[in-house]
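Here the sequence shown is numbered in this note's numbering, starting from 1 and rising by one per residue.
Idealized CB from N, CA, C, for every residue including glycine.
Quantities reported herein were computed from a predicted structural model and do not represent experimental measurements.
Data first, discussion second: the structure below is written as structure tokens.
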Amino acid sequence: MSKKINNTPKKDGFRMPGEFEKHKGCWMIWPERTDNWRNGAKPAQKAYIEVAEAIAEFEPVTMCVSQNQFMAAKEMLSSKIRLVEMSNDDAWMRDVGPTFVVNDKKNVRGVDWRFNAWGGLVDGLYFPWDKDDQIAKKVCEIENIDYYSLETFILEGGSIHTDGEGTLIATEACLLSEGRNPNLSKKEIENMLKEYLSIEKVLWLPHGIYLDETNEHVDNIVHYCKPGVLVLAWTDDPNDPQYAYSKAAYDYLSKEKDARGRSIEIIKLHIPDEVLINKEESEGVDKVDGTLPRNEGARQAASYANFYIANGGVIVPTFGDEMHDKMAIQTLSKVFPERKIVGIYAREILLGGGNIHCITQQQPLG
Ligand code: KQY
């Protein structure tokens, strides 16, 4: 029986592993809310299915589905995917799921942060969010994993990346935003990450991806591929607002050392050409007060860095931009020679505000 532990992972000898370490499986949530996903969420469900089935080639996938959608999802997903019934407010397992930590004896525990829909009543994306806030604990209970549960500290899984060896990367734009932990200083936030993930050094990028509605989650701009090596979303166009964001990250990371004292190898991953919401896509979304509107012409925070590393594969979003899609897949093939690179056309996921990394959460093998 899973239980809540009243200590910290650091004190107990547990650390957050890198995503590239071995997984037991992957968790996802079925999309359905019609004020975020167009056309009754049907196009998004198809994209989620493609992602789930692609990951299932490499490791077991569990899809959490509300009671309303359970039978429909069961019909649409293959028997490879395990379904569990779970209430939810939306479908972003990276952010609402537990952050798993492991120890040297290969035991696995969960960290259950507080979730407030990316900014609560300050600049959150929907209200209420109480069902999403319960998901991390429920996942741990299903897996019979003990967990640490924070009373007030707000954090989403997409706002942190680690090399598994003591280094964590985050963006100031997100972690220091008004809607998350306004009463904590940068130093206090760092200390929480150190204590709950066994981190020794936090690297702070000023920004993430331009117009990212999560206050610029780090998982959209960089991704650790192995210790000492990461990819960075990039553009060569100095007139694109993203240029200043990516350049600042590049300059900062080029000068910094990681927790082990290594310089960091930075591999540029060029972003796709601008992705804008079209009229039909905008009109397909229910307009509801309190949920972020999806207006025609709005630029989407498209980035290839938002991929998922599975046991033998890498599942990468593509955007129908022939040249940049191809470049991204070529680059990642070189970075991950031992894994199969699988591109999935992910425009429908992007239209909901995130991408493949945001909708998945790996559970380490331990
Ligand atoms: O991690 C993410 N990028 C989640 C985005 C949530 C968007 C909700 N509309």
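Selected residue, minimal CA-CA separation from residue i, among the options
i           : options            : result
residue 52  : 91, 215, 141       : 91
residue 109 : 146, 311, 82, 19   : 146
residue 15  : 258, 102, 329, 350 : 102
residue 324 : 155, 21, 269, 241  : 269
residue 189 : 152, 44, 139       : 152
residue 312 : 178, 25, 8         : 25
residue 319 : 349, 290, 333      : 349
residue 89  : 116, 173, 366, 304 : 116
residue 154 : 167, 141, 165, 121 : 121
residue 261 : 235, 280, 228      : 228
residue 162 : 112, 41, 98, 230   : 230
Where residue i falls: helix, strand or coil (DSSP)
i           : result
residue 150 : strand
residue 224 : strand
residue 262 : coil
residue 123 : helix
residue 58  : coil
residue 17  : coil
residue 65  : strand
residue 101 : strand
residue 332 : helix
residue 364 : strand
residue 317 : strand
residue 112 : strand
residue 354 : coil
residue 49  : helix
residue 284 : coil
residue 292 : coil
residue 323 : helix
residue 44  : helix
residue 76  : helix
residue 28  : strand
residue 211 : coil
Residues near residue i by beta carbon distance below 6 Å, same chain, minus five either side
i           : result
residue 212 : 220, 301
residue 285 : 38, 294
residue 123 : 179
residue 96  : 115, 132, 135
residue 290 : 127
With 16 other Cβ atoms within 10 Å as the buried cut-off, status of residue i
i           : result
residue 263 : exposed
residue 159 : buried
residue 299 : exposed
residue 75  : exposed
residue 19  : buried
residue 233 : buried
residue 297 : exposed
residue 84  : exposed
residue 1   : exposed
residue 368 : Within the shown structure, residues of the chain are numbered from 1 to 366, placing residue 368 beyond reach of any answer.
residue 138 : buried
Span of the alpha helix (DSSP H), counted from its first residue to its last, around residue i
i           : result
residue 34  : That residue, residue 34, is in no alpha helix (DSSP H); it is neither H nor E in DSSP.
residue 250 : 241-255
residue 347 : 347-351
residue 235 : Segment: none, residue 235 is in no alpha helix (DSSP H) and carries neither H nor E.
residue 192 : 186-197
residue 94  : 93-96
residue 141 : 135-143
residue 338 : No alpha helix (DSSP H) holds residue 338; DSSP gives it neither H nor E.
7 Å CB neighbourhood of residue i in its chain, flanking five on each side removed
i           : result
residue 177 : 119, 215
residue 340 : 312, 313
residue 371 : Because the chain is modelled from 1 through 366, residue 371 falls outside the range shown and cannot be assessed.
Contact set for residue i: own chain, Cβ-Cβ below 8 Å, skip 5 residues either direction
i          : result
residue 78 : 53, 56
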